[in-house]
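K.L.:
Per mature numbering (1 follows the signal peptide of the UniProt record, and there is no 0), the sequence shown runs over residues -19 to -1, 1 to 667. Quick reminder that beta carbons are idealized off the backbone N, C-alpha and C, glycines included. Right, I'll just put the structure down here and ask away after.
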Amino acid sequence: MRLSTPLLLLLSSLPSSRSFLPLLPALQIKSSPAHYSSTLNSATADAPPSLEGLGDTENLSKDIVIKRTIEEKHNVRSIVKFAVPAMGVWLCSPVLSLIDTSAVGLFCGTIQQAALSPAVAITDYSALLLAFMFTATTNLIAGESTEGAESNASKILVSALQMSLFVGAIAGSLLLASSRPLLTMLIGNDAIDPRVFTAALKYVRIRALGLPAAVVIGSAQAACLGLKDIKSPLYVLLAAAIVNAFCDAVLVPCAFPLFNGAAGAAWATVFSQFAAMGLFWKWLTWKGNRGGGILKMLSWVKKSSTADTSKPKKKKVFSTRGFLPSTLRKRDMLKLKTSAVKFFTPFFLPVTFTQVGRISAYVAMAHVVSSVMNPVSMASQQIILAIFYTLTPIADSLSLTGQSFVPELNSREEKGSLINYNRKLIKTGWIFGAVMSSLVLLVPPFSWAFTKDPAVQAQIRKIIPVVALTFSCHGVVCAAEGIMLGMRDLGFLSGVYSSFLFLAPLAFLRVKNFALRGNPVTPVDVWKVFFLYNVLRSIGWTARFMWLNKKAAKNCITAKDSVAALAVAESTVKEGISVDTKIGEVIESHGAGDTVTVDMPVLNSGREVNGMEMASIAEVFEDKAVADLVRDFVQGGEEEEADSTQGEQHKDKAQTHKQIMTEDKWDAKFEAMLKDLDKEYKTKQE
């Protein structure tokens, strides 16, 4: 048996609280045959010259191939494949800090290393307050590239780089001017060793000079992720790390006070940041790729003889090399248009509030360690934090992965793919959490690579188990945040983190008060509080993720729905309802002003549906059981012609399939709706 094309058109356009939205990318057509014809021609003009194995498919929309390709990639393996290289976006800053920490500890001793604890906290957390630029860039560019508006994506990237330069310059100036009072407030201890304070102050002031480059790098890397280019950030990271390591080796142990110790590490980081910014500029405006600003994201897939076994042809991975016009000049970065600012402002308050809430716990932790603990504890805390920040990109990459893919899935009317993707992203978060916990447990034997002080090494061994517990739930927190950011659930994030802005510091200050009463405290105590903080976040974020998925499920086609639609189609055809009409006539019967959603099988007027095409619809849900049911259902007519025994078996299976939806009386609902439409059409024709 084969199902008629207009029947599936009707099934896809029925009004219902659980309406069957298109199973594949939809083409919206206004209710006019002439308009339909022109729209169909424009939609199929770029179809590939040959798609074998599906009969009359010259006009098959490219949306079909793209959707099949996208859906096949939504599994844990593909998430990991994208997320691992995406770590480059988050790794740049922590890797540089880790190199600084190790170089200072090995070349200059515990005092200089202790100075890094408050100094790095101020510089890194100041940069995090500018993360709204990175979130905005990823979301805006991901949305434009998805819609195919590649020239718009190029313009947004230019605006993002321009604005990043201005935002970074302003932030750097403010940090340079307020470095002493910020450091005094963070340390909060007049009795601290003056050498520690002086070294920390020098470090903060030098790092402030690199903030413009740091923000530009972050936005450029975020844009790469939005464009699904996961290699360019790795190139930048490698170049920056090499420059930083070389400068550390030269400057940190040198005899000049302005360049040695913690100050030398700061200069090394600044030099590497500007080197990375220059590399990004060369990469994005590469002259060898003129016209490369047009993103070639689409590739055609040649189908095999059956749709269920078809696989996408391997395509060349897109690169942002030469994405911007080669005529773009460096001085153009100073020509920021005020009209471009409006695209980024919606992200400023919610993302900044979110970041303030996030860093409040880290700032409070740094304050407690700096104010009531000795240089040994400060040095060990700095080493642990450097390691912690180096491993967290493993989970943070999931946040960027979510921000890169979720906006496109969320923009569709049908939310089944979004729900499945979200679940797999959360599952990957738990896996990444286990990986990070395992890696951090390997640190103690290698503590000699960060310090020569036995007391500091002993402290590290005590802190590591609590850090491992913290990492266990960090992956799911980042995955859920990526989902929420991708779905623009910014109100929830900003609201919760606003509360954490006060609650997290209060919890850490209890540790400080405990120490001020004469009780001994170590970094282990603050990490226990931080672990509880992450447990609360993981519980809250998981609950929110479940709520978002439940909300999206209202527009989700379930496996039961797809089988029910096929069962109803069979019963309707057998009863002789006249639904075998041309698509244009059916659209006209709806009346002017209506919009009909046309799915994949009906893009060619009058073409009957191939059985394997229908099976591929079920495969979109990645449910083998449902795919098998659909194959059995739609292949039965052909089997009946070849073998009467197989035909009888098919009839039994078809009856079983119909029973799946009987309890909800979908059969009656569909028959009534189809009859009404058919009656309306006949009346109009008369």
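1) In whole angstroms, give me the CA-to-CA distance for residue 75 and residue 143.
2) Closest by CA to residue 387, which one among 530, 321 and 521?
3) Can you tell me whether residue 183 is buried or exposed, with buried defined as 16 or more other CB within 10 angstroms of its CB?
4) Whole angstroms are fine: how far does the CA of residue 378 sit from the CA of residue 356?
5) Out of 329, 374 and 250, state which residue places its alpha-carbon closest to the alpha-carbon of residue 228.
6) Ignoring anything shorter than 4 residues or poking outside the segment 465 to 547, list the alpha helix (DSSP H) runs there in chain order.
7) In three-state terms, what does DSSP make of residue 354?
8) For residue 300, which residues from the same chain have a beta carbon less than 6 Å from its beta carbon, with the 5 sequence-adjacent residues on both sides left out?
9) Would you kindly work out how many angstroms separate the C-alpha atoms of residue 107 and residue 156, rounded to a whole number?
10) Given residue 370, which residues of its chain have a CB within under 7 Å of its CB, disregarding the five upstream and five downstream residues?
11) In terms of alpha-carbon separation, which member of 85, 324, 114 and 464 lies closest to residue 403?
12) Given a cut-off of 8 Å, decide if residue 94 and residue 705 are closer than it, judged by their beta-carbon atoms.
13) With distances taken Cα to Cα, identify the nearest neighbour of residue 450 among 253, 480, 175 and 414.
14) Could you compute how far the alpha carbon of residue 418 sits from the alpha carbon of residue 391?
15) For residue 515, collect the residues of the same chain with a Cβ closer than 7 Å to its Cβ; drop the 5 residues on either side in sequence, then sort them by chain order.
16) At the level of alpha carbons, what is the spacing between residue 187 and residue 247?
17) Check each candidate in 139, 309, 202 and 195 and name the one with the smallest Cα separation from residue 151.
18) By the 10 Å Cβ neighbour count, where 16 or more other Cβ atoms means buried, how is residue 364 classified, buried or exposed?
19) Counting along the chain, where does the alpha helix (DSSP H) carrying residue 258 start and finish?
20) Closest to residue 102 by CA distance: which of 341, 245 and 427 is it?
21) For residue 230 and residue 406, what's the separation of their Cα atoms in angstroms?
22) Hey, which unbroken runs of the alpha helix (DSSP H) at 4 residues or more fall wholly within the segment 134 to 197?
23) Which residue from 447, 242 and 437 puts its Cα closest to that of residue 422?
24) Which same chain residues, not among the five before or five after residue 346, have their C-beta less than 7 Å away from its C-beta?
25) Can you tell me the Cα-Cα spacing of residue 117 and residue 470, whole angstroms?
26) How long is the line joining the alpha carbons of residue 484 and residue 90, rounded to whole angstroms?
27) For residue 58 and residue 268, I'd like the C-alpha separation in whole angstroms.
28) Do residue 200 and residue 253 have their C-beta atoms within less than 8 Å of each other?
29) In whole angstroms, what separates the C-alpha of residue 122 from that of residue 203?
30) Can you give me the C-alpha to C-alpha distance between residue 351 and residue 136, rounded to a whole angstrom?
31) On the three-state DSSP scale, how would you describe residue 442?
32) Which complete alpha helix (DSSP H) runs does the segment 62 to 121 hold, if anything under 4 residues is left out?
33) Below 8 Å on the Cβ atoms is my contact criterion, and I expect residue 217 with residue 260 to pass it. Report the Cβ-Cβ distance as a whole number of Å.
34) When you compare each of 519, 372 and 332 to residue 467 by their alpha carbons, which one comes out closest?
35) The alpha helix (DSSP H) that contains residue 382, what's its start and end?
36) Residue 164 and residue 99 look like a contact to me (Cβ under 8 Å); what is the Cβ gap, rounded to whole Å?
P.N.:
From the atom records:
1) Going from the Cα of residue 75 to the Cα of residue 143 covers about 24 Å.
2) The closest CA to that of residue 387, considering only 530, 321 and 521, is found on 530.
3) With 16 or more Cβ atoms within 10 Å of its Cβ, residue 183 is classed as buried.
4) Taken atom to atom, the span from the alpha-carbon of residue 356 to that of residue 378 is near 33 Å.
5) Here the closest residue by C-alpha is 250.
6) Counting whole runs of 4 or more residues, the segment 465 to 547 contains the alpha helix (DSSP H) stretches 471 to 497 and 504 to 533.
7) Coil, per DSSP.
8) Cβ within range, chain order: 210.
9) Going from the Cα of residue 107 to the Cα of residue 156 covers about 8 Å.
10) Cβ within range, chain order: 75 and 78.
11) Measuring from the Cα of residue 403, the nearest candidate turns out to be 464.
12) This structure does not reach residue 705, given that the chain is present from -19 up to 667, and the question cannot be answered.
13) The candidate whose alpha carbon is nearest that of residue 450 is 414.
14) If I take the Cα positions, the gap works out to 32 Å.
15) 451, 454, 455 and 458.
16) Straight-line Cα distance between these residues: approximately 6 Å.
17) Per the Cα distances, 195.
18) Counting Cβ neighbours within 10 Å, residue 364 comes out buried, since at least 16 surround it.
19) Unbroken alpha helix (DSSP H) run through residue 258: 242 to 265.
20) For the residues 341, 245 and 427, the minimum Cα distance to residue 102 belongs to 341.
21) Pairing residue 230 with residue 406, the inter-Cα distance amounts to about 40 Å.
22) Fully enclosed alpha helix (DSSP H) runs of 4 or longer: 175 to 189.
23) Of 447, 242 and 437, the residue nearest in Cα terms is 447.
24) In the same chain as residue 346, and ignoring 5 residues on each side of it, the C-beta atoms closer than 7 Å to its own belong to 489, 507 and 511, in chain order.
25) Taking C-alpha positions only, residue 117 is separated from residue 470 by approximately 13 Å.
26) Their backbone Cα atoms lie some 36 Å apart in a straight line.
27) Note on geometry: alpha-carbon atoms of residue 58 and residue 268 lie some 35 Å from one another.
28) In this structure, residue 253 does not lie closer than 8 Å to residue 200 by Cβ.
29) Taking the straight line joining both Cα atoms gives about 9 Å.
30) In a straight line, the C-alpha of residue 351 is about 45 Å away from that of residue 136.
31) It is helical.
32) Counting only runs of 4 or more residues that sit fully inside the segment 62 to 121, the alpha helix (DSSP H) segments are 91 to 109, in chain order.
33) Residue 217 to residue 260, Cβ: 6 Å. Contact.
34) Check the Cα spacing between residue 467 and each of 519, 372 and 332: the tightest is with 332.
35) From DSSP, the alpha helix (DSSP H) with residue 382 extends over 374 to 391.
36) Contact between residue 164 and residue 99 is confirmed by a C-beta separation of about 6 Å, below the 8 Å threshold.
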